[in-house]
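Visitor:
Protein chains: 2
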Amino acid sequence: MTERGRRPVARKAGTSLPSRPPRRTRGGSLDLQAADEVVRHVAVLIEKGRLRPGDRLPAERELAVELGLSRPTIRAGLQTLAAMGVIESRRGAGTFITAGPPRLGAGPLSFLAALHGFTRDEVFEARLILEVGAAGLAAERGLPALLAPMAEELAGMFATLEDPQAYLLHDVRFHQAVAAASANPVIQALVEMVSTLVYEERRSSVQRAHDLKESAEMHRRIYQAIRDKDPQRARAEMSRHLEMTRQAQAAEEMSQMVTPSQLVESEFGS
Amino acid sequence: MTERGRRPVARKAGTSLPSRPPRRTRGGSLDLQAADEVVRHVAVLIEKGRLRPGDRLPAERELAVELGLSRPTIRAGLQTLAAMGVIESRRGAGTFITAGPPRLGAGPLSFLAALHGFTRDEVFEARLILEVGAAGLAAERGLPALLAPMAEELAGMFATLEDPQAYLLHDVRFHQAVAAASANPVIQALVEMVSTLVYEERRSSVQRAHDLKESAEMHRRIYQAIRDKDPQRARAEMSRHLEMTRQAQAAEEMSQMVTPSQLVESEFGS
DNA sequence: GAGCATAGAGTGGTCATACCAATTGTGGTT
DNA sequence: AACCACAATTGGTATGACCACTCTATGCTC
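Those protein sequence lines, which keep their order, are chains A and B. My numbering applies: residue 14 is where the first sequence begins, and numbers increase by one. My numbering applies: residue 14 is where the second sequence begins, and numbers increase by one.
#1: Should A168 (chain A) be labelled buried (16 or more other beta-carbon atoms within 10 Å of its own) or exposed?
#2: Quick check on this structure: which residue in A:E60, A:A249, A:Q245 has the alpha carbon closest to the alpha carbon of R154 (chain A)?
#3: For V99 (chain A), which residues in chain B fall below 7 Å Cβ to Cβ?
#4: Using a Cβ cut-off of 7 Å, pull out every chain A residue sitting near I239 (chain B), in sequence order please.
#5: Examine the Cβ distances between the region 240-256 of chain B and the region 141-155 of chain B and report whether three or more of them are shorter than 8 Å.
#6: Pick helix, strand or coil for S102 (chain A), following the three-state DSSP scheme.
#7: Can you check the region 181-264 of chain B for any alpha helix (DSSP H) of at least 4 residues that lies completely inside it and give the ranges in chain order?
#8: Ignore the nearest five residues each way along the sequence and tell me which others in L141 (chain A)'s own chain have a CB closer than 6 Å to its CB.
#9: Determine the closest residue to A229 (chain B) out of B:L182, B:T108, B:T272, B:A161, with distance taken between C-alpha atoms.
#10: Counting only C-beta atoms, is V271 (chain A) closer than 9 Å to chain B at any point?
#11: So is V78 (chain A) buried or exposed if we call it buried at 16+ other beta carbons inside 10 Å?
#12: From B:M163, B:A96, B:S102, pick the residue whose C-alpha is nearest to that of D184 (chain B); which is it?
#13: What is the rounded straight-line gap between the Cα of R36 (chain A) and the Cα of A249 (chain B)?
#14: What residue range does the alpha helix (DSSP H) around R93 (chain B) cover?
#15: Using a Cβ-Cβ distance under 9 Å, would A263 (chain B) count as near chain A?
#16: Leaving out five residues before and five after V226 (chain B) in sequence, what residues of the same chain have Cβ atoms less than 7 Å from its Cβ?
#17: Under a three-way DSSP split, which group does F109 (chain B) fall into?
#18: Give the single residue among A:V211, A:G118, A:Q189 whose Cα lies nearest to the Cα of Q201 (chain A).
#19: In this structure, does DSSP put R116 (chain B) in helix, strand or coil?
#20: Thinking C-beta only, is A56 (chain A) closer than 9 Å to S252 (chain B)?
#21: Check R69 (chain A) in the structure and name its three-state DSSP category.
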């Protein structure tokens with residue numbers, strides 16, 4: 014208990030500037046939090062197509078006068094958009110609509126996991142449903158252009174059987190390639206979000222790899238099923254592979270999920 | 014274009030207070046954005062179990078002195094956490110860790126959809142994969158306690174065949190109940206997030222309902238399959254149901270996805 | 001004239017301070 | 001005992017200022 018602000022003080026009437034308008038209710042719209050006005054404003058611009066990925070937003074000081082709000086309020090709104098991954102700010106340069114492939118940050122899910130005590134199995138189960146579905150779709154479509162990346166990572170896996178570190182990298186990328194091959198950006202984003210949470214096995218589970226050869230073979234069967242446009246087989250192979258991965262990971266109690274505090278440095282930092 | 018700050022001014026050396034420390038690099042940790050320090054701090058407290066859902070955070074002014082940061086910076090960090098749905102602030106009361114069932118805001122996904130032009134079919138496809146998976150899990154488990162809510166909403170549907178408005182409400186809740194019956198909070202959260210994006214059909218698609226009876230029957234078959242612990246049938250029925258819904262919705266071009274600007278008022282407002 | 005260094009404007013990040021608005025708990029009044 | 005008014009607490013917004021970084025355009029050098 015600090016002892017501040019104890020005196021009766023003297024903040025009575027008319028000590029300083031008496032003239033600032035008391036926050037005008039903006040034109041017609043119901044008076045939601047002023048900061049959300051910024052979010053809404055940007056949202057509308059995006060919906061209208063006036064703002065596209067990579068575009069630069071007006072400077073904060075400009076937005077402030079445009080919307081009739083103070084800069085801190087503008088910053089509060091932009092902070093929200095940044096947290097949602099909609100925009101990215103670069104000091105000295107400006108604020109930009111996030112470019113690159115559609116991504117959903119893993120932060121919110123990670124916090125949810127920490128707060129509600131999600132088990133690794135629960136997260137893995139969600140991953141299984143998503144990735145099995147993605148593999149099925151990829152097989153149904155079987156788009157050649159999306160097949161190549163998978164094949165490349167597959168080759169990389171067989172080429173690095175002796176180097177668990179490098180192997181895992183190809184492993185992760187293979188699964189991302191499968192998600193991409195679903196040709197559905199929503200599923201792709203969801204897969205990446207959930208996968209992120211379960212990929213802290215990297216130094217523990219795969220390090221002293223016991224059967225990378227076996228793992229690579231499973232990936233090859235998944236690839237072949239997709240290439241052969243056999244959805245049912247693709248689903249089955251992916252399901253079997255993930256189930257085995259889950260058990261392997263459960264066996265070694267070392268592996269942990271990515272915690273929120275770790276994400277702060279990876280997602281936001283750098 | 015205002016005319017401020019035009020004169021050469023005089024901000025040369027040592028005009029005013031020369032003594033404020035230039036942002037001390039906090040103890041040991043790499044110097045990430047100061048605002049992220051707040052996010053990290055709260056994340057650590059959550060991981061340690063010191064902060065649980067419903068708990069109240071220290072006042073902003075207290076956090077400021079605790080972390081050695083200014084209040085605006087603290088607010089920036091809290092804004093990020095609020096955007097991720099981790100905390101909720103109530104003016105005059107304080108800031109609290111979000112309570113209630115695990116939820117993943119639809120905002121980020123909605124923005125992604127608007128920015129990258131996701132089609133309704135793509136979102137629906139993701140929904141199908143998730144809900145079919147959820148139905149399968151629900152059938153595998155078949156927990157009686159989670160069966161009741163589904164049955165109730167089902168009854169509600171049959172009871173409101175003449176009132177499309179009320180019917181849709183039960184419809185939505187039934188699907189949420191199925192997701193809950195998966196007994197997997199991750200899947201439940203994902204289902205809700207994706208479903209939200211596609212539920213603006215409410216006034217258009219179902220309004221002048223053509224065959225609510227048929228729809229209710231499909232839901233009943235889904236329920237029965239889950240009750241009978243028949244995963245394969247549950248998956249098939251859910252898949253058929255959603256596919257039919259998708260076609261019905263595609264037929265009427267009126268239905269739209271929830272846009273980001275709409276979400277600003279529903280998620281944040283009120 | 002071409003290339004390169006540099007100064008300056010522009011922009012996001014942080015800070016300090018103040019006041020407003022809503023909530024809540026407390027103490028006095030009825 | 002119930003109710004109401006007041007004051008402290010706390011989040012929301014506003015000003016104004018300065019710092020750190022980026023980018024560009026100017027002007028200098030070669």
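Ideal Cβ positions, reconstructed from N, Cα and C, are used throughout, including at glycine.
Guide: On the basis of the coordinates in this document:
#1: exposed
#2: A:Q245
#3: F124
#4: Neighbours of I239 (chain B) on chain A: none; closest Cβ ~16 Å, over 7 Å.
#5: yes
#6: strand
#7: 198-211, 225-240, 244-264
#8: L255
#9: B:L182
#10: no
#11: exposed
#12: B:M163
#13: Residue placement at R36 (chain A) is poorly supported in this model, since its pLDDT is 41, which falls under 50; the coordinates still yield a value, given next. Distance between the alpha carbons of R36 (chain A) and A249 (chain B) is about 55 Å.
#14: Note that residue 93 (chain B) is Thr in the sequence shown here, rather than Arg. 84-96 is the span of the alpha helix (DSSP H), which, as asked, contains T93 (chain B).
#15: no
#16: Here residue 226 (chain B) is Lys; the residue named in the question, Val, does not match the sequence. For K226 (chain B), where only same-chain residues beyond five positions count, the Cβ hits under 7 Å are L174.
#17: strand
#18: A:Q189
#19: coil
#20: no
#21: strand
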